[in-house]
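Below is one structure, written out as structure tokens; comments come after it.
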Amino acid sequence: MYYIYEFDGLTLPAGHEDDNSAEAAGDFLALFAGQYDANGSEQTYHRGMQVSKKLYVTGDTAADVVSTLNSLRGKVGKRGTLRRRWVDGSTEQWCTARLLRFDASKTPENNLHQEITLTWSIISPLWYSQSQTVSAVDLITSPQTISVTNSGNAPVLNAVITVAMPSVLPVDITSLTVSMTGKSELVYSGTLTAGDTLEIDCGARSVKLNGADSYSNVSFGSNHAISEWLRLEPGSNSIIISVSPDNLPGDVAQGTVTGMMIPLTWYDTLAVDEVQITVSFYNAWR
Numbered sequence: 000m001y002y003i004y005e006f007d008g009l010t011l012p013a014g015h016e017d018d019n020s021a022e023a024a025g026d027f028l029a030l031f032a033g034q035y036d037a038n039g040s041e042q043t044y045h046r047g048m049q050v051s052k053k054l055y056v057t058g059d060t061a062a063d064v065v066s067t068l069n070s071l072r073g074k075v076g077k078r079g080t081l082r083r084r085w086v087d088g089s090t091e092q093w094c095t096a097r098l099l100r101f102d103a104s105k106t107p108e109n110n111l112h113q114e115i116t117l118t119w120s121i122i123s124p125l126w127y128s129q130s131q132t133v134s135a136v137d138l139i140t141s142p143q144t145i146s147v148t149n150s151g152n153a154p155v156l157n158a159v160i161t162v163a164m165p166s167v168l169p170v171d172i173t174s175l176t177v178s179m180t181g182k183s184e185l186v187y188s189g190t191l192t193a194g195d196t197l198e199i200d201c202g203a204r205s206v207k208l209n210g211a212d213s214y215s216n217v218s219f220g221s222n223h224a225i226s227e228w229l230r231l232e233p234g235s236n237s238i239i240i241s242v243s244p245d246n247l248p249g250d251v252a253q254g255t256v257t258g259m260m261i262p263l264t265w266y267d268t269l270a271v272d273e274v275q276i277t278v279s280f281y282n283a284w285r
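Under numbering that gives the first Met the number 0, the first residue of the sequence shown carries the number 0, and numbering increases by one thereafter.
Here's what the structure looks like:
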């Protein structure tokens with residue numbers, strides 16, 4: 000199991016009880032016999048889940064206890080990053096949450112010890128890994144298959160796809176498709192020219208070209224079969240990248256970036272710079 004150790008940058012005092020619940024949302028309609036499941040065969044996520052932590056505030060003086068209590072009470076109502084650590088001591092994850100309640104009961108005979116309970120409402124659909132990992136391939140041809148591993152136990156729904164065009168490019172990209180066989184097909188039909196940067200945020204469902212909205216240029220292909228833009232299941236995933244024109248001249252060379260990204264880079268024979276496609280995400284956990 001896990002214990003919650005930090006909220007909104009504030010390290011929490013040690014406690015003896017954490018709420019380790021995991022509850023999924025369900026949309027059901029009672030029928031004469033059985034019930035109708037509106038989600039069909041899809042796996043659902045939590046809706047309005049709350050978690051709580053019972054902990055102890057101690058100090059060498061009563062002033063120390065009051066100072067810690069005031070710091071904790073000052074977080075009530077705030078939205079921030081909630082962090083948890085599993086009992087193996089090495090696995091840590093985070094989510095976005097809002098602190099809803101601060102509950103305490105005081106015994107008058109002890110001013111150096113206070114037991115409190117904090118309750119949060121989880122805003123994120125999942126918990127996420129603390130760090131990102133990198134997978135890199137060469138874009139040798141179009142289409143090109145990329146193997147990406149989600150090391151979590153829940154699907155990643157908020158991957159960000161970024162296309163960075165070089166400052167010199169003799170051939171513009173007129174179409175880009177990101178697909179997963181039997182699941183999704185996301186098509187960007189705008190033209191990408193030298194120096195452009197395209198960002199597709201699959202979680203926020205936003206598309207920006209050089210910082211300006213370009214949502215109208217994105218559509219689902221005929222093979223798109225899920226409600227999300229892109230879904231990376233736990234384990235290995237194969238992402239297919241296709242561009243048009245697909246006969247860009249030149250050899251391919253692997254690039255490097257930081258963060259959890261899958262860089263795809265090729266060099267054109269007439270250009271020194273590179274076209275770089277990245278897919279970035281955090282591993283997801285329930």
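Beta carbons: idealized from backbone N, C-alpha and C, even for Gly.
From a predicted model like this one, the values you see are computed outputs, not experimental measurements.
In the displayed model, Asn282 falls within coil according to three-state DSSP, outside both helix and strand. The beta-carbon distance between Val170 and Gly220, rounded to whole angstroms, is 23 Å. This is too long to meet the 8 Å contact definition. Exclusion of the five residues before and after Ala163 leaves Thr196 and Gln275 as the residues of its chain whose Cβ lies within less than 6 Å of its Cβ. Counting only runs that start and end inside the region 124 to 199, the beta strand (DSSP E) elements of at least 3 residues fall at 126 to 128, 143 to 149, 159 to 163, 174 to 179 and 183 to 187. Within the same chain, and ignoring the five residues on either side of Asn157 in sequence, the residues whose Cβ sits closer than 7 Å to its Cβ are Cys201, Gly202 and Phe280.
If you check the CB distance, Tyr4 and Arg84 come in under 7 Å. For the options Gln34, Ser40 and Asn19, the alpha carbon positioned closest to that of Ser226 is the one of Ser40. Shown here for Asn110: same chain residues with a beta carbon closer than 8 Å to its own, the five before and five after excluded, namely Ala61 and Val64 in chain order. For Tyr214, the closest alpha carbon among the candidates His223, Arg204 and Asn222 is that of Arg204.
In this structure, Ala283 places its C-beta atom within 7 Å of the C-beta atom of Tyr127. Assignment of beta-bridge partners to His112 by DSSP yields Thr57. Here Arg46 is exposed, its C-beta having fewer than 16 other C-beta atoms within 10 Å.
A residue is called buried when at least 16 other Cβ atoms come within 10 angstroms of its Cβ; Val167 does not meet this threshold and is exposed.
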